[in-house]
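Asks: Have a look at this one.
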Amino acid sequence: MKEGDVTVEKLLTAAVGAVGGAERPGQVEMAEAVGEAVTEGKHLLVQAGTGTGKSLAYLVPSLLHADASDGPVIVATATLALQAQLVDRDLPALAKAAEPLLGRLPKWATLKGRANYACLHRVRDGAPDDQGELVPVEELSAGKLGAEVLRAREWAEEQAASAGTGDRDKLEPGVSDRAWAQVSVSSRECLGATRCPYGSECFAEVARARSDGADVVVTNHALLAIDALEGLPVLPDHDVVVVDEAHELAARVTSVATADLWPGVIDRAAVRSRVHVDDGDAEELRAAGEHLRQALLDAPVGRLDAVPERLLTALVELRDAARAVQSGFTKSAREERAADVEASRRAAKTMVDDVFGTAERLVANTEHDVLWVEDRERVGRSLRVAPLSVAGLLRERLFGQNTVVATSATLELGGSFDAAAGAFGLQGEGAPAWTSLDVGSPFDYGKQGILYVARDLPLPGRDGLRPEVVDMLVELMAAAGGRTLGLFSSRRAAQEAAEAVRKRLPDIPLLCQGDDVVATLLRTFAADEKTSLFGTLSLWQGVDVPGGACQLVVIDRIPFPRPDEPLASARQRAVEKAGGNGFMSVAATHAALLLAQGAGRLIRRSSDRGVVAVLDPRLVTARYGSYLRASLPPMWFTTDQSVVVGALRRLATSA
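Reading the sequence shown from the start, the letters are residues 1 to 655 in full-length UniProt numbering.
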């Protein structure tokens with residue numbers, strides 16, 4: 001494939017040399033396929049295993065396309081680690097390699113939602129309190145929250161003084177969401193660069209300005225979803241999108257399209273509105289929130305196929321009350337006011353708009369949404385609503401308006417791309433055309449890894465961690481001398497396992513999720529080869545610990561969604577209603593993806609060796625077991641415990 005006078009292969013060779021590596025199996029094949037896709041305007045799904053070098057394989061043809069079309073290519077990722085790799089390593093090396101070939105130095109930029117950047121107006125002039133009044137940061141009460149906010153403010157000022165990005169992800173150690181909210185604003189709360197007294201220094205505006213002239217703009221799945229689904233022009237004009245970690249896309253889009261409502265947020269919206277609208281309207285909004293609180297106490301927890309009459313009445317009252325408050329904001333929209341008053345007004349209006357939009361959506365209760373009541377630790381009982389499927393939205397607003405390259409190490413489940421294509425809206429009548437490619441992996445999984453399934457263990461139950469599982473876990477970890485990443489289906493299971501193993505293997509250092517922040521736990525785990533780490537969902541994906549620190553990955557059970565999980569159960573029922581197999585389409589696909597991601601934590605480099613142990617016999621005894629195993633890396637397979645224990649002991653001895 002060729003763009004202008006520079007071929008993809010020529011630039012890829014130069015870029016790989018610039019990062020100090022060598023071309024890898026499948027890398028050229030993927031780069032050529034991506035180049036062909038963006039040139040011909042056709043969608044491409046690419047599975048590229050860990051170590052393939054897929055980042056450069058899509059960045060090279062993306063840069064050539066941007067150079068030829070005079071417009072940016074958008075690259076969206078799911079994790080901070082990959083964003084950092086692209087911006088700090090791959091793109092600088094690619095630009096250096098491309099400069100003599102293109103006759104110019106290519107540009108790149110990172111762009112995120114406005115709330116990801118510190119707001120200097122909020123940092124310097126304060127954030128609204130519960131009454132809507134701006135409170136200077138110095139007046140925050142003492143305690144953990146106040147200390148976090150003060151640290152975030154000092155960091156933001158340092159960023160401003162040093163021409164930093166003001167990006168939350170650069171703040172280390174990080175702060176809680178509550179603290180960050182005191183030094184940031186959403187796009188709807190923002191005063192705008194011309195009105196804000198600090199507009200010329202605004203971190204978000206500087207980031208946007210950088211992106212306007214960039215060849216490649218790196219963003220996250222959430223901002224891509226907002227740009228595509230909400231019709232907000234938050235990204236520069238583009239015609240090509242590369243989605244890396246694409247197995248996460250549908251879930252991230254679903255998260256963006258999910259809304260929730262609880263009495264506390266309604267009360268705050270009413271209180272903050274009082275100084276900007278008629279006091280009677282604000283009081284009616286507060287009263288409607290109280291009526292919702294009472295109705296929620298009577299509502300059943302879980303999915304709502306039909307909204308109870310009392311709850312529906314409360315939602316209608318809330319919607320109408322919020323609309324009245326919105327009208328009050330509209331009447332005062334053209335009034336001239338000081339920047340601090342305008343900031344307070346915008347913050348209050350944003351809260352009311354969110355309450356109105358969610359209440360209206362809940363009242364409508366269309367077949368395209370799933371509603372449920374949930375007890376949440378910090379806010380109490382709340383109502384949540386999420387789309388039954390985002391496939392149609394993705395088909396129309398992302399794949400229907402751009403050429404999309406979607407790539408991941410786990411797009412092919414059960415030996416097919418159909419599940420991924422279905423999640424993206426690329427299946428069915430009228431779906432856009434697409435092609436797929438599996439470039440394989442540079443690893444020899446059959447020689448580097450063993451997949452062990454504990455066939456003789458009892459089937460998983462609901463009564464906590466089984467004693468037989470603990471016995472097996474202890475024997476495997478003892479043979480490995482630690483070096484274990486334990487992936488559990490629940491926080492309770494991880495904690496029970498950690499407690500039991502610590503008692504029986506006191507000489508093996510063991511960390512458990514919840515002992516510290518995940519980033520710190522991962523650093524400690526990677527630094528000491530004998531240390532083990534147990535955790536839940538956040539450890540199933542994105543953990544990259546090569547070498548002797550991770551030679552045993554233990555999965556306690558097949559990670560099916562809970563039968564009472566509202567969204568998964570609703571989706572499963574919808575598939576069955578349409579005549580399909582709901583279990584295989586939803587639950588088994590969900591489990592296959594997580595299993596593939598979890599098993600992928602073991603082999604991260606060509607020198608890695610180890611065992612993935614699944615302590616759930618259903619992987620070999622159930623009819624769906626073959627589908628799940630086909631989604632895993634092709635490691636050598638056994639159900640013989642003695643073989644695995646012996647292999648782990650040999651690895652521990654040679655480490």
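Backbone N, C-alpha and C fix where the C-beta goes; we use that ideal spot for every residue, glycine too.
Keep in mind the model is a prediction, meaning the values are calculated, not measured.
Can you look up V301 in the DSSP assignment and give me helix, strand or coil?
Replies: Numbered from 1 along the sequence shown, position 301 holds the residue referred to as residue 301. Note: V301 maps to coil in three-state DSSP.
Asks: Expressed to the nearest angstrom, what Euclidean distance is found between the alpha-carbon atoms of A98 and E412?
Replies: Reading the sequence shown from its first residue, position 98 is the one you call residue 98. Reading the sequence shown from its first residue, position 412 is the one you call residue 412. Straight-line Cα distance between these residues: approximately 32 Å.
Asks: Quick one: give me the first and last residue of the alpha helix (DSSP H) that E29 is part of.
Replies: Along the sequence shown, read from residue 1 onward, the residue named residue 29 stands at position 29. Here the alpha helix (DSSP H) through E29 covers Q27 to E40.
Asks: Please report the Cβ distance between S436 and V352, rounded to the nearest whole angstrom; I am assuming they are in contact, meaning their Cβ atoms lie under 8 Å.
Replies: Reading the sequence shown from its first residue, position 436 is the one you call residue 436. Reading the sequence shown from its first residue, position 352 is the one you call residue 352. Not quite, the Cβ-Cβ distance comes to about 46 Å (not below 8 Å), so this is no contact.
Asks: Could you tell me whether the Cβ atoms of A257 and V373 are closer together than 7 Å?
Replies: Counting from 1 along the sequence shown, the entry for residue 257 is found at position 257. Counting from 1 along the sequence shown, the entry for residue 373 is found at position 373. It is not a contact, given that the beta carbons lie outside the stated cut-off.
Asks: When we look at the beta-carbon of R178 and count the other beta-carbons within 10 Å, is it buried (16 or more) or exposed?
Replies: Taking the first residue of the sequence shown as position 1, residue 178 is located at position 178. Its Cβ having fewer than 16 others within 10 Å, R178 is exposed.
Asks: From the DSSP secondary-structure annotation, give me the bridge partner or partners of G449.
Replies: Here the question's residue 449 lines up with position 449 in the sequence shown. BP columns for G449 point to G610.
Asks: With H, G and I counted as helix, E and B as strand and the rest as coil, what does DSSP make of Q541?
Replies: Along the sequence shown, read from residue 1 onward, the residue named residue 541 stands at position 541. Correct three-state label for Q541: coil.
Asks: Which stretch, first to last residue, makes up the alpha helix (DSSP H) that contains G422?
Replies: To locate residue 422, count along the sequence shown from 1; it is residue 422. Element bounds for G422: D418 to A423.
Asks: So what does DSSP say about W636, is it helix, strand or coil?
Replies: Translated into positions along the sequence shown, residue 636 becomes position 636. Reduced to three states, the DSSP call for W636 is strand.
Asks: How about L567 and A386: are their beta carbons less than 7 Å apart?
Replies: In the sequence shown, residue 567 corresponds to position 567, counting from 1. In the sequence shown, residue 386 corresponds to position 386, counting from 1. In contact: L567 and A386 (Cβ atoms closer than 7 Å).
Asks: According to DSSP, is Q427 helix, strand or coil?
Replies: Residue numbering aside, residue 427 sits at position 427 when the sequence shown is read from its first letter. The answer is coil: DSSP assigns Q427 none of H, G, I, E or B.
Asks: Kindly identify the DSSP beta-bridge partner or partners of L44.
Replies: Mapped onto the sequence shown, residue 44 falls at position 44. According to DSSP, which records beta bridges pairwise, L44 is partnered with V405 and T435.
Asks: Would you kindly work out how many angstroms separate the C-alpha atoms of A246 and S416, rounded to a whole number?
Replies: In the sequence shown, residue 246 corresponds to position 246, counting from 1. In the sequence shown, residue 416 corresponds to position 416, counting from 1. Distance between the alpha carbons of A246 and S416 is about 15 Å.
Asks: Ordered along the chain, which non-local residues of its own chain (more than five positions away) have a Cβ less than 7 Å from that of V6?
Replies: For the purposes of this step, residue 6 is taken as residue 6 along the sequence shown, with counting starting at 1. Result list for V6: L64, L101 and L102, in chain order.
Asks: Just list the alpha helix (DSSP H) runs in the segment 254-324, keeping only unbroken ones of 4 residues or longer that don't cross its boundaries, in chain order.
Replies: 263-273 and 279-298, all fully within the segment 254-324.
Asks: With distances taken Cα to Cα, identify the nearest neighbour of L86 among L105, L304 and Y58.
Replies: Within the sequence shown, residue 86 is the residue found at index 86, counting from 1. That would be Y58, whose Cα lies nearest to the Cα of L86.
Asks: Of the residues D438, P263 and A519, which one's Cα is nearest the Cα of R376?
Replies: Here residue 376 refers to the residue found at position 376 of the sequence shown. Checked all of D438, P263 and A519; the closest Cα to R376 is P263.
Asks: So what does DSSP say about V644, is it helix, strand or coil?
Replies: Counting from 1 along the sequence shown, the entry for residue 644 is found at position 644. Helix, per DSSP.
Asks: To the nearest whole angstrom, what separates the beta carbons of V60 and A31, a pair I think is in contact under 8 Å?
Replies: As a position in the sequence shown, residue 60 is number 60, starting the count at 1. As a position in the sequence shown, residue 31 is number 31, starting the count at 1. The Cβ separation is near 5 Å, so the contact holds.
Asks: So, under 8 Å CB-CB, L619 and V553 are touching, yes? Tell me the CB distance rounded to an integer number of Å.
Replies: Looking up residue 619 in the sequence shown gives position 619. Looking up residue 553 in the sequence shown gives position 553. Not a contact, Cβ separation roughly 14 Å.
Asks: Going by Cα to Cα distance, which pick from L296, A314 and V216 is closest to D67?
Replies: On the sequence shown, residue 67 is found 67 positions in, with the first residue counted as 1. The candidate whose alpha carbon is nearest that of D67 is V216.
Asks: Buried or exposed, going by whether 16 or more other CB atoms sit within 10 Å of the CB of residue 690?
Replies: The question about residue 690 has no answer, for the chain in this structure spans 1 to 655.
Asks: How many Å lie between V586 and F424 at the Cα?
Replies: On the sequence shown, residue 586 is found 586 positions in, with the first residue counted as 1. On the sequence shown, residue 424 is found 424 positions in, with the first residue counted as 1. Roughly 14 Å between the two C-alpha positions.
Asks: Which residues does DSSP list as the beta-bridge partners of L533?
Replies: Translated into positions along the sequence shown, residue 533 becomes position 533. Answer is L485 and L511.
Asks: Answer with buried or exposed for residue 705, where buried requires no fewer than 16 other C-beta atoms within 10 angstroms of its C-beta.
Replies: An answer regarding residue 705 cannot be provided, because it is not within the stretch 1 to 655 covered by the chain.
Asks: Measure from the alpha carbon of D70 to the alpha carbon of each residue in V517, D212 and A18, then state which is nearest.
Replies: Indexing the sequence shown from 1 puts residue 70 at position 70. Nearest C-alpha to D70: D212.
Asks: Using the Cα positions of A15 and L91, report the straight-line distance between them to the nearest angstrom.
Replies: Numbered from 1 along the sequence shown, position 15 holds the residue referred to as residue 15. Numbered from 1 along the sequence shown, position 91 holds the residue referred to as residue 91. Cα to Cα, A15 sits roughly 9 Å from L91.
Asks: Between T39 and G53, what straight-line distance do the alpha-carbon atoms span, to the nearest angstrom?
Replies: The sequence position of residue 39 within the sequence shown is 39, counting from 1. The sequence position of residue 53 within the sequence shown is 53, counting from 1. For T39 and G53, the distance between alpha carbons rounds to 21 Å.
Asks: Taking only runs of the alpha helix (DSSP H) that begin and end inside the segment 155-226, which ones reach a length of at least 4 residues, in chain order?
Replies: Runs found: 177-180 and 203-212.
Asks: In three-state terms, what does DSSP make of M1?
Replies: Residue 1 sits at position 1 when you count from the first residue of the sequence shown. Residue placement at M1 is flagged as unreliable, the pLDDT there being 47, under the threshold of 50; a coordinate-derived value is accordingly withheld.
Asks: Using a Cβ-Cβ cutoff of less than 6 Å, which residues in the same chain neighbour V612 once the five nearest sequence positions on both sides are dropped?
Replies: What you label residue 612 is simply residue 612 of the sequence shown in a count that begins at 1. Same-chain partners within the cutoff: L451, V553, A599 and L602.
Asks: Report the residue ranges of all beta strand (DSSP E) runs contained in full by the segment 62-139; include only those spanning at least 3 residues, in chain order.
Replies: For the segment 62-139, whole beta strand (DSSP E) runs of length 3 or above, ordered along the chain, are 73-77 and 108-110.
Asks: Would you tell me roughly how many angstroms separate the C-alpha atoms of T638 and V614, rounded to the nearest one?
Replies: Numbered from its first residue, the sequence shown carries residue 638 at position 638. Numbered from its first residue, the sequence shown carries residue 614 at position 614. Cα to Cα, T638 sits roughly 11 Å from V614.
Asks: For G380, which three-state DSSP category applies?
Replies: On the sequence shown, position 380 is the one that residue 380 refers to. Here G380 sits in strand by DSSP.
Asks: Please work out which residues of its chain come closer than 7 Å, Cβ to Cβ, to S569, disregarding the five sequence neighbours upstream and downstream, and give them in chain order.
Replies: Indexing the sequence shown from 1 puts residue 569 at position 569. Correct list, in chain order: R303 and P563.
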